[in-house]
Each structure stands twice: as structure tokens, then as C-alpha cells.
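What follows is a short report on a single structure.
Protein chains in written order, with the working numbering: chain A, 594 to 848; chain B, -3 to 272.
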């Protein structure tokens, strides 16, 4: 399933947030959105998944998701958003309970995604017992359980320390290599963007506009942080963003 | 060689330096379990000693041992349960009615903007009314029997429960609700699986206050036409200035409060295991 953003614009009152964003998210590819803080990249992601409505323009789905897809547009949040009163198992079964599934098939799905994310031994644990990295793995498992057509990731690694971030990044790459999925990945971390993105969209500071779209052809399995092409791209991104970041940093927040 | 020299310099400079003074002390509650009991014992001992030696007159304060004797007398005559049971049933029925209705209305206020806009001012208007002042009204509405007593206690527990409940619903983490929406959960599922469990801590702590208010109102409810009941017993003793019996009644209410608070504590432990 492809997603197309057509002339998306948004404003809160007379404060313009996003301006004329048109973008296509091709099937089976990871699109990274980077930009200075406050440029509206998370807002854009909420438009794509239908959690918020843009003031103008529209988000179009092209094609129909697979028949066994329970929730085509599925989020992975920065703050994990796990229910603290439910165990790991029950947090995942939560998103399956509203579908007409038997207890057995729910168990089957949950066991499968727990296995894929290496959480089988933690099924009975409560979120408070887990480290940040484990919590985000649960959130990833939960997202995989509904067999999404497009994964929408809102800075999924930002709340983690850098070692854990590296481990989870490897997990994500591994998951994609096993079964390629379509994803939109919002981040402010340029290293993450060049590591994971087939296409990187650079937004300007508020009101966010597309400054540049970079396609990286290097396959994911060939990418490591030292790769000269990636280093080159990361440098280019930083050149693009530096002035924006400085200007955004000096702005007064309007809340 | 050099590293050994460095170690030596370290140890040789240590005695000449000044140790850093610890200034992080205090401002942190530490559990001291037996102090509370000790304070009770000391207070009782002073009262006992004072009334025995005469510097506290018998009119000012009843002697603790006399209060205890009166209590034993009450127990042995079988009157204790004759007073306690009707009170407990009034408390149970009234508080249950009030708390259930309060939680229901509170959740509705939390979920629906129209209910909120309509009901919050009404609750704000009812809350500060001393419910005792409405006793005659309740008697007219529900008769002088048990009905008016239930109503008074229910009404008194209703308002604080409503306020605590909708506050608790408002405080449920919005990001969890948004998560539920993003996975396409139904409205009813979100309420049952996300909003209600998330509001539970706030609802339970509201219940603590509501039940204490219910005990306070018990005495008021038994002011009218109650032959038996702890409240009736206290009022009877009060009008006769029988301080020993008055204190026995007050003691029973106080124990009741401690028991209820303990019960809610256990309930919280059970229901809120997931809290950090």
C-alpha cells in the first residue's frame, strides 16, 4: 500500500505549522522525516495515521492493504504508550481483542510477535519491570501483531540511551530485512535517518516545508555507521539543517 | 613505579585535607512504625494519671479506665451489637448508594462534554451544603425510617466521589487514549480498558475521603428517630452529659474509620499492583 500526501498545510489559529507538503511513501520502503524541533514533523505523522486532521490538503491511500491486516496505519510512539496495569502479553492482546479472533488465534499471534522481538520470556512481566529498550520492543511487538500496512514511527528511539538505541536500531533493520515493511520514521537523529531511510525528507523550520528529498540507494544490509556514502549523506543533511536548527533554537516558543 | 608514587601521594595528602560535610540530611519521611502507638499510650497515661490524682476533674475528662469499663459493660450486656449492626447497615447501604452513583456520574462527566457542562455547576452548588441542614427535607421525602438515613449518607458521599472521579478521569494519560485510538479500539473498549483502570488510583483515594464523610454523617442521620445505632448512643449519652458513654461511642466510630481506611489500603494494594 502506498501513501500519498497532497498539498498538506496546517495552522493553529494564525500560526502556520506546515505549508504545502506533497510526498509519496512507496510500498516496502522506509521514509525518514528529519527537521529542526518544532517544524511539525510529528504533526505530519499524526496526519498520515488519521489522529489529527490537516487544515488543508489530504492524505491518500493507494491500493488496499492485505486481507489479514488488522490495522493498516499503526504507530510506534516515543513514550511507548504501554498500559502499566497490563502484562506484556496483555498489552499486545489488547489491540487484538476488538477484532473477531478466537482466543487461540490471539495467543498464536502474540506468541509469534513475542518470539520475533525476543520477548518470549517476558510475557508475564509488567511494564514497570522492564527497561526502556524492552518497553519499546513490546511496543514494536504490539505494532507487528496487527500486521500493519504502514508503520508510523514517532521518534521511537529518542527516549532510550545510546547503547540501547543501537541495539534497537539493529532489531528494526533485522525485522525489515526479514519482511520488508512500509514505514514513515520521524526523527531528529541524522545517523538514524541515514541508517534506516530509503528516502529522507528534510523539513525546514516552522512553517515546515520540504527543503530536500534525498534517496539513498544503498541496501539496508550494506549500511553501517562507517560507510562513506552514509557519512557523506549525513554531512549533507547537517549542512542543510544547521542554520535552521540555529534559527529554531533562538525562537520564542508560542504555546 | 610512577603509579606507586601516585598512590603514595594520594594517601599522604588525605589527612591534611578537610572531609566534605554531609548536608543532604532530612526532608524525607522515614517510617517509624511504633511512634504512633507510643503517642497514644502516653496521652492515655497522662489522662489516667491526671484524673486519678485529681488535677483533671472528672467533669473535664472521663477516666480512660472508666471508659474501658463502660465499653466492656456495653459489650457484655449485648447492647454493643444492637447499636453497631443498624449503624453498619446504614453506613453500608448509604455509602454504597452514594459511591456507586458518584463514580457513575463522575465518569460520565469525565467522558462527555455536555454532561460536564451541565453537571459540574450543579455538583459545585451541592457540595458545600451541610447535608445535616437538609435532614428535615429528607424526612419529608423518605419518611422518618431508614430511607432518610440512607439518603443523607448517600447524598453526603455522592458529591466528593463525583469530584474525585472526574478529576481522576481527566488525569488519565492522554497518550494512552491516543494509542487506543490509533489501533482502532472501539469507544467502549477504550473506556473499559484504558480510562477506567487509569482513573482507579484517583477514584480509590476519593473513596477514602467519602467513607470518612459517611461515618461523620452517620451520627447526624441517627439524630432523628433512631432507637439503636452508634450515633443514637452518642447523642443519648451527650444529652445526659454521660462522658464515659460518649467516649465509648466516639471510640467505636474512630475504630470504624481506622478499619475502613485499612480496608481501602488493602484494596489499593490489590488493584494497583502495577503502580511504580
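Backbone N, C-alpha and C define an ideal beta-carbon position, used for all residues, glycine too. Quick caveat, the model's predicted, so the values are computed rather than measured.
Thinking C-beta only, is residue 631(A) closer than 8 Å to residue 668(A)? Counted from its first residue, the first chain places residue 668(A) at position 75. Counted from its first residue, the first chain places residue 631(A) at position 38. No, they are not a contact pair.
Ignore the nearest five residues each way along the sequence and tell me which others in residue 205(B)'s own chain have a CB closer than 8 Å to its CB. By one-based count along the second chain, residue 205(B) stands at place 209. Cβ within range, chain order: 156, 160.
Simplified DSSP assignment, three categories, for residue 671(A): Your numbering for residue 671(A) matches position 78 in the first chain. Three-state DSSP puts residue 671(A) in coil, outside helix and strand.
Would you call the CB atoms of residue 813(A) and residue 770(A) closer than 8 Å? Here residue 813(A) is taken as the residue at index 220 of the first chain, counted from 1. Here residue 770(A) is taken as the residue at index 177 of the first chain, counted from 1. Yes. Within cutoff.
Evaluate contact between the segment 596 to 603 of chain A and the segment 645 to 652 of chain A, counting only Cβ atoms and requiring at least three cross-stretch pairs below 8 Å. Contact between the segment 596 to 603 of chain A and the segment 645 to 652 of chain A is present: 3 or more CB-CB pairs across the two stretches fall below 8 Å.
Span separating the alpha-carbon of residue 1(B) from that of residue 26(B): For the purposes of this step, residue 1(B) is identified with residue 5 of the second chain, where counting begins at 1. For the purposes of this step, residue 26(B) is identified with residue 30 of the second chain, where counting begins at 1. Its pLDDT being 49, under 50, residue 1(B) is placed unreliably in this model, and the coordinates cannot settle the point.
Given residue 184(B) as reference, the closest of 690(A), 620(A), 698(A) once Cα atoms are compared: The residue given as residue 184(B) occupies position 188 in the second chain. Answer by Cα proximity: 690(A).
Counting only C-beta atoms, is residue 174(B) closer than 8 Å to chain D at any point? The structure shown contains no chain D; its protein chains are A and B.
Beta-carbon gap between residue 148(B) and residue 217(B) smaller than 8 Å: Counting from 1 along the second chain, the entry for residue 148(B) is found at position 152. Counting from 1 along the second chain, the entry for residue 217(B) is found at position 221. Result yes, Cβ atoms of residue 148(B) and residue 217(B) sit closer than 8 Å.
Could you give the residue range of the alpha helix (DSSP H) that holds residue 634(A)? For the purposes of this step, residue 634(A) is identified with residue 41 of the first chain, where counting begins at 1. Counting along the chain, the alpha helix (DSSP H) containing residue 634(A) begins and ends at 634 to 641.
Specify, as a first and last residue, the run of the alpha helix (DSSP H) that residue 681(A) falls within. Your numbering for residue 681(A) matches position 88 in the first chain. That run of the alpha helix (DSSP H) goes 681 to 690.
Evaluate the contact criterion for the segment 780 to 788 of chain A versus the segment 608 to 624 of chain A: three or more CB pairs, one atom per stretch, below 8 Å. In short, these stretches do not touch, since the Cβ pair count stays below three.
Report yes if the CB atom of residue 199(B) is closer than 8 Å to the CB atom of residue 186(B), and no otherwise. Your numbering for residue 199(B) matches position 203 in the second chain. Your numbering for residue 186(B) matches position 190 in the second chain. Result no, Cβ atoms of residue 199(B) and residue 186(B) do not sit closer than 8 Å.
First and last residue of the beta strand (DSSP E) that includes residue 792(A)? Here residue 792(A) corresponds to residue number 199 of the first chain, with the count starting at 1. Boundaries of the beta strand (DSSP E) around residue 792(A): 792 to 796.
I believe residue 798(A) touches residue 841(A) by the beta-carbon criterion, under 8 Å. Please report the beta-carbon distance rounded to the nearest angstrom. As a first step, residue 798(A) is located in the first chain; it is residue number 205 there, counting from the start. As a first step, residue 841(A) is located in the first chain; it is residue number 248 there, counting from the start. Contact holds; Cβ gap of about 4 Å.
With a cut-off of 8 Å, do at least 3 Cβ pairs link the segment 682 to 698 of chain A to the segment 732 to 752 of chain A? Taking one beta carbon from each stretch, the segment 682 to 698 of chain A and the segment 732 to 752 of chain A have 3 or more pairs nearer than 8 Å; the two touch.
For residue 538(A), count the other beta carbons within 10 Å of its own beta carbon; 16 or more makes it buried, fewer makes it exposed. Which is it? With chain A represented from 594 up to 848, any question about residue 538(A) goes unanswered, as that position is not in the structure.
Where does the unbroken alpha helix (DSSP H) through residue 175(B) begin, and where does it stop? To locate residue 175(B), count along the second chain from 1; it is residue 179. Per DSSP, residue 175(B) is one residue of the alpha helix (DSSP H) stretching across 170 to 178.
Which whole-angstrom value is the C-beta distance of residue 76(B) and residue 60(B), which I expect to be below 8 Å? Position 80 of the second chain holds residue 76(B). Position 64 of the second chain holds residue 60(B). The C-beta distance from residue 76(B) to residue 60(B) rounds to 18 Å, too long to meet the 8 Å contact threshold.
Tell me whether residue 812(A) counts as near the ligand HEM, meaning its Cβ is closer than 7 Å to at least one heavy atom of that ligand. As presented, the structure is devoid of all ligands, the ligand HEM included, so that no description of it is given.
Under 8 Å, Cβ to Cβ, is there at least one residue of chain A near residue -3(B)? Position 1 of the second chain, counting from 1, holds the residue named residue -3(B). Annotation note: pLDDT 46 at residue -3(B) (below 50); position unreliable, coordinate value reported separately. No, no contact with chain A.
For residue 808(A), which residues in chain B fall below 8 Å Cβ to Cβ? In the first chain, residue 808(A) corresponds to position 215, counting from 1. Neighbourhood of residue 808(A) in chain B, by CB distance below 8 Å: empty, with the nearest CB roughly 28 Å away.
Please list, in chain order, all residues of the same chain as residue 726(A) whose beta carbon is under 7 Å from its beta carbon, the five residues on each side excluded. Stepping through the first chain from its first residue, residue 726(A) is reached at position 133. If we look at residue 726(A) and ignore the five residues flanking it on each side, its Cβ neighbours are 753, 757, 760, 761.
Counting only runs of 4+ residues fully inside the segment 596 to 664 of chain A, write out the alpha helix (DSSP H) ranges in chain order. Counting whole runs of 4 or more residues, the segment 596 to 664 of chain A contains the alpha helix (DSSP H) stretches 634 to 641.
Going along the chain, which residues of its own chain have a beta-carbon closer than 6 Å to the beta-carbon of residue 791(A), five neighbours each way excluded? On the first chain, residue 791(A) is found 198 positions in, with the first residue counted as 1. Correct list, in chain order: 622, 623.
Neighbour-count burial assignment, residue 742(A), 16 or more Cβ in a 10 Å radius: For the purposes of this step, residue 742(A) is taken as residue 149 along the first chain, with counting starting at 1. That one is buried.
To which residues of the same chain is residue 91(B) closer than 8 Å at the C-beta, ignoring the five residues directly before and after it? Reading the second chain from its first residue, position 95 is the one you call residue 91(B). For residue 91(B), where only same-chain residues beyond five positions count, the Cβ hits under 8 Å are 149, 150, 153, 206, 207, 210.
In the DSSP assignment, the alpha helix (DSSP H) including residue 762(A) goes from what residue to what residue? Numbered from 1 along the first chain, position 169 holds the residue referred to as residue 762(A). Per DSSP, residue 762(A) belongs to the alpha helix (DSSP H) from 755 to 771.
Judging by CA-CA distance, which residue of 796(A), 804(A), 750(A) is the nearest neighbour of residue 789(A)? The count along the first chain starts at 1 and reaches residue 789(A) at position 196. Restricting attention to 796(A), 804(A), 750(A), the CA atom closest to the CA of residue 789(A) is found in 750(A).
Taking 8 Å as the CB-CB limit, is residue 190(B) close to chain A? Counting from 1 along the second chain, the entry for residue 190(B) is found at position 194. Yes, because at least one Cβ of chain A sits closer than 8 Å to the Cβ of residue 190(B).
Whole-number beta carbon distance between residue 823(A) and residue 787(A), since they are thought to touch under 8 Å: Within the first chain, numbered from 1, the residue matching residue 787(A) stands at position 194. Within the first chain, numbered from 1, the residue matching residue 823(A) stands at position 230. Right, their Cβ atoms sit about 5 Å apart.
Just to confirm, is the Cβ distance from residue 132(B) to residue 225(B) under 8 Å? On the second chain, residue 132(B) is found 136 positions in, with the first residue counted as 1. On the second chain, residue 225(B) is found 229 positions in, with the first residue counted as 1. Their beta carbons are not under 8 Å apart, which means residue 132(B) does not touch residue 225(B) by this criterion.
In its own chain, which residues sit with a C-beta less than 6 Å from the C-beta of residue 248(B), not counting the 5 before and 5 after it? Locating residue 248(B) in the second chain gives position 252, counting from the first residue. Cβ neighbours of residue 248(B) beyond the five flanking positions: 226.
With three or more C-beta pairs closer than 8 Å as the rule, is the segment 225 to 245 of chain B touching the segment 52 to 72 of chain B? Enough Cβ pairs lie closer than 8 Å, so yes.
What is the DSSP secondary structure of residue 778(A), reduced to helix, strand or coil? Here residue 778(A) refers to the residue found at position 185 of the first chain. Secondary structure at residue 778(A): strand, using DSSP grouped into helix, strand and coil.
Please list the partners that residue 774(A) has in chain B, where partner means a Cβ-to-Cβ separation under 7 Å. As a first step, residue 774(A) is located in the first chain; it is residue number 181 there, counting from the start. The contacting residues do not exist; residue 774(A) stays about 16 Å from chain B at best.
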